[in-house]
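Down below is the structure, laid out as structure tokens.
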Amino acid sequence: MEGNLLAAPVKNLTKDALSKVVTKIVEHFQPEKIILFGSHAWGEPTTYSDVDILVVMDVEGSLIRKEAEIYRIARPKLVPMDIIVRTPEQIHYRLKIGDPFIQRIIREGEVLYERRVKEWVAKAEGDY
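According to numbering that gives the first Met the number 0, the stretch in the sequence shown is residues 0 to 127, in order.
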């Protein structure tokens, strides 16, 4: 099916489909970090599970508008997806006050992208 990155039910989310979502987010929004969380990260997805992604990035203006923009650009058709956007400062604060939701995402989520690692690799490759 053209335009639908997932040929199977969401329970069987493919790494390729997820990689395409991450690539679109990185190309359009240059986030600090993208983390998969929820049932797909914990290894417990069902056919009715959505895909949960935390995008850590600097945002001017409304987080809700930024979430909607990312959703519109990056979400594969027919795939239920929750995209949460938080700034690095918000993540730091939520961890500092002991927010169990953010703590679990950071502790058990699957990091799909991290800018600093990519920058370090690019710099290291430039040294050779």
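Just so you know, even glycine gets a beta-carbon here, dropped at the ideal spot from N, CA and C.
By the Cβ-count criterion, D51 is buried, with 16 or more other Cβ atoms from all chains shown falling within 10 Å of its own Cβ. Leaving aside the five residues that flank V20 on each side, the residues in its chain whose CB is nearer than 6 Å to its CB run, in chain order, A73. In this structure, F28 lies away from I82, with their beta-carbon atoms at least 8 Å apart. Annotation: the region 24 to 100 contains the following complete segments of the alpha helix (DSSP H) (minimum length 4 residues), in chain order: 38 to 41, 62 to 73 and 87 to 95. Straight through space, the alpha carbons of G60 and L77 are spaced by roughly 29 Å.
D57 is the residue among A16, D57 and P44 whose C-alpha sits nearest the C-alpha of K32.
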